[in-house]
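Enquirer: Residue numbers (our numbering), protein chains in the order written: chain A, 102 to 443; chain B, 150 to 407; chain C, 3 to 362.
One structure follows; several queries about it will come next.
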């Protein structure tokens, strides 16, 4: 047991040292990582909330993002699904409205899934519940594919481009960069929304309802003796996860500026799972921390791949790195950075 | 010659001292009883002996061999068989299938031979089925061989569990509350079976039980456990009249009556 | 305390065994009918490559490989109770190994098959050593991430898999025709079925199944829990590799997109729908899923005015699985239990428990 940890930690340390002494712009890595990781964090938070409160790993968390985003898209197109969205037509203010719509739809979906499927399997093993969420995932993707067709559609951002620091003659000559990394408006929005979500959740867990939710997740029997209904608590958790999902969907689609069926699952969910495990799957702060760290690992790997010129023979370095991070976490500290011993 | 030796074993769970300096010796072909109120640490002691818990201090020796660090399945291979407080059986199997699995350590053919259908594997499978039925006969359960576990009463399940433990071909049999769910007649029969088995099957037996009359009749020695400590050790007659034991079970007022 | 045992009770165990085991056996006529039905079913299977027609024969071959993968997953989910969401990677590794051996190394197809099985076992061993040490859902997560890693990284390594364009995997010289190859795949299913039967009738299979209900009890019976969990995982990976190798030569060209990680989820749903723990159930479940798209297509042709067609396949599949999870946890196997029991020379109705009373 000890030698496994030794090897894994040694490997990690070696990688760290190698990267430190090379020419990789670490500042840029941190900034890029935080910005990329924030989108993942929105998905990972949803996963952590549900897992912590109900012990269920929600494979449908990604689609709790994609589906509301599609509904929002339909609204933008006035339900004329053959058209394409012109980002210029959608104002930043309208996007705020659409974001709130997505949150609402997400909450409804989350609660519905919980009521119709998850609560009925409350006595089953966690593995069965996971398979059930996978079936729900397929249901949602199937619906998306049938209604919206497997096309890739354009999706607008809140605000395009980056903040302009200096303009000359109507053109922007200097945009906002930190450590040499271009900071887009959309990225700022994502980080801001994540911060708002974190603050709201923290406040929630100070209220009696929030405390009850935490209590029910740790000691369900004792909590029920105090009058806390496990059903109500799981509805609350899934509602929160749904809302977070809706946010992740709209913002995530904005990051990639496109939307297609199963998009959030394909591009974000697995990274979110990895981030949640890294941070501690039963810890909400862990989900955020893990996501930011994983974002940095991604940027670092990209920069390293460029510096050491391995892009020729290692495809998709960030994904490779994410997988190895997961393996190391499993071997060295399965409960994650901030997780508690199960 | 001590076949099972526990020396100064202590174990704490967080702030709770589950076992404190527990020592006992069991000799060949003895039937030893372990009694004490609920929460005294009897099952915890069993778990330490069989390898499901690791003591913080002390040593445990089986057939002269120190077993610290050995996994439960390794200790079974030294000849240790046990039953669990709540029935320990494979729920989805029939009675017979449970006994077939339980004989695992005695099966000589390799995993590969079994997978690829070597004739030696087929032959041995027939033998172990016979042996399984034989063990069931010993406990009067042969007619239930093909019954799935879900239809059986709690008491019967506990008896099946004993049969399964016997099927592991142990030299030391550790039974955790085997009488749960049995009526007076069946309790008496089981006591007789244990007494006969010790010589017929060359067994040493350690029994945790709450049924004090049974323990006093069947056992050669009795250890009384409370709050993780051995309160008293001795022959049944000594324990019967011991005021400390009465107090442990029934409180101060009962000790005055004893 | 009254001494209940004051009177000596006669010792009973020295009597000759009073009750012997009674096994239900069908009558001669019953045996004959069962064998006739089994013969008809076998005939149907043997004739299926000809019945399905030349256009869709590869659907049958692919379905057979899916059955093999479902059976491999059954060893894991049905017998040990663990879940792998990464079997698309195991299958893909088998397929690409076969492709590599055939196209890049130029070796015969038979060698490719053996290599695929070996690679499947080896990667399962590696993943299992890491993931089986931790409880519960972590195996599902690690295998899921592995599946994505395989799809996006491993299967795109150009030197081995030909990158995005894919690699060829030509059929063996003696099975180049579609019909012959379909028979080869069906033979593969039969081989896996027999192997699985051997597994469950031997000590390894019983040990593995004992792990599902209680690892403690298994350990107390001398079973090395970690070793047998790992064995189940390795067998599962090896058989999935076999499925992958056979799949590679159906269309004789494989690309990374064929092994998207979501395929793992489909395989799990197949097994759950069929009924994990039941060999015939899982086979049926895989067949239903494999022919679902085809079935919906035929439905659309027959009834052109209603909206359901092949594009609704994921929806229908999801509804089937949800139906099973919520109402028939045992899947098709639970629904068809009397049929399966009857076909294995047992009674149609389950024996009432009064017949097997508990009084000795």
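The beta carbon of each residue, even a glycine, is placed where N, CA and C say it ideally should be.
Note that the coordinates shown come from a computational prediction; the quantities given were computed from them, not determined experimentally.
1) Give me the subset of the stretch 148–180 of chain C whose CB atoms are less than 8 Å from a CB atom of chain B, sorted by chain position.
2) Nearest chain A C-beta to residue 105 (chain C) closer than 8 Å, yes or no?
3) Please state whether the Cβ-Cβ distance between residue 162 (chain C) and residue 98 (chain C) is less than 8 Å.
4) What are the boundary residues of the beta strand (DSSP E) that residue 411 (chain A) is part of?
5) Of all the CB atoms in chain C, is at least one closer than 8 Å to the CB of residue 320 (chain B)?
6) How long is the line joining the alpha carbons of residue 372 (chain A) and residue 378 (chain A), rounded to whole angstroms?
7) Rounded to whole angstroms, what's the CA-CA distance from residue 281 (chain B) to residue 316 (chain B)? Just pull it up for me.
8) Along chain B, which residues have their Cβ under 8 Å away from the Cβ of residue 330 (chain C)?
9) In this structure, does DSSP put residue 368 (chain B) in helix, strand or coil?
10) By the DSSP assignment, the beta strand (DSSP E) with residue 330 (chain C) in it spans what residues?
11) Quick test of your reading: residue 292 (chain C) and residue 68 (chain C), contact by CB under 8 Å. State the CB separation rounded to the nearest angstrom.
12) Let me make sure I understand the geometry here. Which of B:396, B:397, B:369 has the alpha-carbon closest to that of residue 385 (chain B)?
13) Identify the contact partners of residue 220 (chain B) in chain C, using a Cβ-Cβ distance below 9 Å as the criterion.
14) Apart from the five residues just before and just after residue 252 (chain A), which ones in its own chain have a Cβ nearer than 8 Å to its Cβ?
15) For the beta strand (DSSP E) that residue 160 (chain C) lies in, which residues bound it at each end?
16) Please work out which residues of its chain come closer than 6 Å, Cβ to Cβ, to residue 17 (chain C), disregarding the five sequence neighbours upstream and downstream, and give them in chain order.
17) I need the straight-line Cα distance from residue 178 (chain B) to residue 324 (chain B), nearest angstrom please.
18) With 8 Å set as the bound, which would you pick, yes or no: does the beta-carbon of residue 393 (chain B) sit closer than that to a beta-carbon of chain C?
19) Residue 325 (chain B) bridges to which residues according to DSSP?
20) Using beta carbons (cut-off 8 Å, strictly below), is residue 374 (chain A) in contact with chain C?
21) Could you run through the stretch 169–191 of chain A and flag, in chain order, every residue whose CB is less than 8 Å away from some CB of chain C?
22) For residue 144 (chain C) and chain A, any beta-carbon pair shorter than 8 Å?
23) Using only CA atoms, which one of C:42, C:192, C:117 lies nearest to residue 281 (chain C)?
24) Rounded to whole angstroms, what's the CA-CA distance from residue 323 (chain C) to residue 61 (chain C)? Just pull it up for me.
25) Reducing DSSP to helix, strand and coil, say where residue 382 (chain A) ends up.
26) Report the CB separation of residue 232 (chain B) from residue 284 (chain B) in whole angstroms; it is logged as a contact under 8 Å.
27) Locate the beta strand (DSSP E) running through residue 234 (chain B), then write down its first and last residues.
28) Tell me which residue opens and which closes the beta strand (DSSP E) that residue 176 (chain B) is part of.
29) Counting along the chain, where does the beta strand (DSSP E) carrying residue 157 (chain B) start and finish?
30) Roughly how many angstroms separate the alpha carbons of residue 397 (chain B) and residue 223 (chain C), rounded to a whole number?
31) So for residue 375 (chain B), helix, strand or coil by DSSP?
32) For residue 243 (chain C) and residue 121 (chain C), which I take to be in contact (beta-carbon distance under 8 Å), what is that distance rounded to the nearest angstrom?
33) Go ahead and pull the three-state DSSP assignment for residue 179 (chain B).
34) Considering only C-alpha positions, which residue in the set A:394, A:238, A:178, A:309 is nearest to residue 370 (chain A)?
35) Can you list, in chain order, the residues of its chain whose CB lies under 7 Å from that of residue 230 (chain A), leaving out five sequence neighbours each side?
36) Mind listing which residues of the stretch 412–426 of chain A have their C-beta closer than 9 Å to chain C's C-betas, in chain order?
Expert: Once the coordinates are examined:
1) Taking 8 Å as the Cβ-Cβ cut-off against chain B, none of the residues of the stretch 148–180 of chain C qualify.
2) It does not: the Cβ of residue 105 (chain C) has no partner Cβ on chain A nearer than 8 Å.
3) Yes.
4) Note, residue 411 (chain A): premise wrong, no beta strand (DSSP E); not H, not E.
5) At a cut-off of 8 Å between C-beta atoms, residue 320 (chain B) does not count as an interface residue with respect to chain C.
6) Those two C-alpha atoms are separated by around 10 Å.
7) Rounded to whole angstroms, residue 281 (chain B) to residue 316 (chain B) spans 7 Å at the Cα level.
8) At a beta-carbon threshold of 8 Å, none of the residues of chain B lie near residue 330 (chain C); the nearest stands roughly 17 Å away.
9) Three-state result, residue 368 (chain B): coil.
10) Where residue 330 (chain C) is concerned, there is no enclosing beta strand (DSSP E), given that its DSSP letter is neither H nor E.
11) Contact annotation, residue 292 (chain C) with residue 68 (chain C): C-beta distance approximately 5 Å; criterion of less than 8 Å satisfied.
12) Comparing Cα positions, the closest option is B:369.
13) 221, 226, 227, 228, listed in chain order.
14) The answer, listed in chain order, is 361.
15) No beta strand (DSSP E) holds residue 160 (chain C); the alpha helix (DSSP H) holding it covers 160–163.
16) Caution is warranted here: a pLDDT of 43 is assigned to residue 17 (chain C), below 50, making its placement in the model unreliable, and the coordinate value is therefore given only provisionally. Hits under 6 Å: none found.
17) Between residue 178 (chain B) and residue 324 (chain B), the C-alpha separation is close to 15 Å.
18) At a cut-off of 8 Å between beta carbons, residue 393 (chain B) makes no contact with chain C.
19) Beta-bridge pairing links residue 325 (chain B) to B:357.
20) At a cut-off of 8 Å between C-beta atoms, residue 374 (chain A) counts as an interface residue with respect to chain C.
21) Of all residues in the stretch 169–191 of chain A, none places a beta-carbon less than 8 Å from a beta-carbon of chain C.
22) Yes, because at least one Cβ of chain A sits closer than 8 Å to the Cβ of residue 144 (chain C).
23) When C:42, C:192, C:117 are compared, the shortest CA-CA separation from residue 281 (chain C) is found for C:192.
24) Using only the alpha carbons, I get a separation of about 22 Å.
25) If DSSP states are grouped into helix, strand and coil, residue 382 (chain A) belongs with coil.
26) Rounded, the Cβ-Cβ distance is 14 Å, inconsistent with contact.
27) Looking at the DSSP string, residue 234 (chain B) is not in any beta strand (DSSP E), and its letter there is neither H nor E.
28) Element bounds for residue 176 (chain B): 165–176.
29) Run containing residue 157 (chain B): 151–162, per the beta strand (DSSP E) assignment.
30) About 34 Å.
31) Reduced to three states, the DSSP call for residue 375 (chain B) is strand.
32) Under the criterion of beta carbons closer than 8 Å, residue 243 (chain C) and residue 121 (chain C) qualify as touching, at roughly 6 Å.
33) If DSSP states are grouped into helix, strand and coil, residue 179 (chain B) belongs with coil.
34) A:238 is the residue among A:394, A:238, A:178, A:309 whose C-alpha sits nearest the C-alpha of residue 370 (chain A).
35) Closer than 7 Å at Cβ, skipping near neighbours: 157, 219, 222.
36) Residues 413, 414, 415, 416, 417, 418, 420, 421, 423, 424, 425.
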